[in-house]
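Under the numbering used here, the residue at position 27 of the sequence shown is numbered 28, and the numbers go up by one with no gaps.
See below for the structure under consideration.
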Amino acid sequence: MADWIAVVDDDTLNLKSASHILAQRQMRVSTLKSGEALLDFLEYNKPDLVLLDIHMPAMDGFEALVHMREMENGKDVPVIFLTADEDTATETQGLDLGAMDFIKKPFVPEVLVARVLHTIELTRLEQNLAQEVEKKTAEIVFEQKKNARLSMQIVRSLTLAIDAKDTYTNGHSIRVAFYAKEISRRFGYDAGKQSDMYMMGLLHDVGKIGIPDSIINKPGKLTGEEYDIIKTHPEMGEKILKNIDEMPALATGAKWHHERIDGNGYPDGLKGEQIPEEARIISVADAYDAMTSHRSYREPLTQAKARQELVDCMGTQFDETFAKIMISIIDEDTEFKLREK
């Protein structure tokens, strides 16, 4: 069934633009021109996500969200605010009210689609966790549902904290998660393992939370001592994630995504199939996005150069099977829409 998106904006051009972009991705779209219209719509409908403009006459987006949360069909529907504002106060107010993200206007099609899909994916992961918990006994259900919600909140908070560390690579974790999930899907993983890969991708760099900002954002070449500090982030990530009992596999991607097939990686110098399969997938996804992203010390590589690097490093840095799958994804992405904007 197609994802159902409700777009709320008093500007007809914005409604048409968003509707066209989302419809091209086979999403079902309902357009509404006011906060009042949204509340009327939610009386009888429950979309998968609401894109909600902030500045509208009569009832603005903030007020509409407050009323929406009081409705049966609106209390748990994820909301992304649409805004042309640049101030952080607006975003802070929206997040405090329960919005999951913000999208700037005018829309960049790839950004709009990616954030909508990411938000729906996170929401469904949370819902799936809750459904699994409900299979247990009544006493265990209560505790595990509480723990599952807490775990998802931890994942979201950690993901935001990771990307906030590096001003040049905001969104890196989400893109790595997307690539890792797509590689695993094409490799034949079932839906559950694909979701696990998505979560591993989101948190693969969580250990960088403990690395000083001055090193992460240094514009020039790192000293040997600074590079040694950077190389501690995989083990630091494992220490953080191994304490999330409900998701024990998360630490795998964080600890070993810098290992190499030839044994020259870190932290443990694992070689070939000694490296967990999930970490080999994360390694390819992480490297491709790193190569094609802005860094504090260099411009992004072209897609062609990044592709060639994957080819050249098969069997030495990268697992050949997963590198080939990533190359197939690149070859289908002819307009390079997935790279950092």
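C-beta: ideal position from N, C-alpha, C; glycine also.
DSSP places leucine 50 within a strand segment (E or B) once states are collapsed to three. The alpha carbon of leucine 43 has as its nearest neighbour, out of Leu96, Lys325, Pro220, Gly75, the alpha carbon of Gly75. Contact check between the stretch 170–186 and the stretch 200–212: three or more CB pairs, one atom from each, fall below 8 Å, which counts as touching. The continuous beta strand (DSSP E) containing serine 31 extends over residues 29–33. The DSSP-derived three-state label of arginine 308 is helix. Gly254 is the residue among Gly254, Asn265, Gln304 whose C-alpha sits nearest the C-alpha of alanine 280. Taking proline 110 as reference, the option from Met72, Lys17, Leu96, Lys182 with the minimal CA-CA separation is Lys17. Methionine 237 and glycine 208 do touch by the CB rule: their CB atoms are close to 3 Å apart, below 8 Å.
Taking a 10 Å sphere around the C-beta of leucine 113, we find 16 or more other C-beta atoms and assign the residue as buried.
In this chain, the alpha helix (DSSP H) harbouring aspartate 41 covers 36–43. Taking C-beta atoms as the reference points, isoleucine 22 and phenylalanine 108 count as a pair closer than 8 Å. Of the residues Thr32, Ser35, Leu66, Gln195, the one whose Cα lies closest to the Cα of glutamate 278 is Gln195. Scanning the stretch 68–137 from its first residue to its last, the whole alpha helix (DSSP H) runs of 4-plus residues come out as 89–97, 110–134. Going by DSSP, isoleucine 216 is part of no beta strand (DSSP E) but of the alpha helix (DSSP H) stretching over 214–217. Annotated three-state conformation of alanine 7 is strand, per DSSP. With contacts defined by Cβ atoms closer than 8 Å, valine 80 and valine 117 do not form a contacting pair.
In the three-state DSSP reduction, arginine 299 falls in the strand class (E or B). Look at the beta carbons and you see the stretch 266–277 not touching the stretch 178–186: under three pairs across the two are nearer than 8 Å.
The shortest C-alpha to C-alpha distance from lysine 106 to any of Phe63, Ile55, Ala65 is the one to Ile55.
Here alanine 307 really is in contact with tyrosine 289; their C-beta atoms are around 6 Å apart, less than 8 Å. DSSP, read as helix, strand or coil, puts methionine 237 in helix. CA-to-CA, the gap between alanine 115 and lysine 243 works out to about 29 Å. Taken in chain order, the complete alpha helix (DSSP H) segments of 4 or more residues contained in the stretch 170–215 are 173–188, 192–204. For glutamate 71, the closest C-alpha among the options Leu40, Ala286, Gln94, Arg261 is that of Leu40.
Contact between serine 35 and aspartate 4 fails: their C-beta atoms lie close to 23 Å from each other, not under 8 Å.
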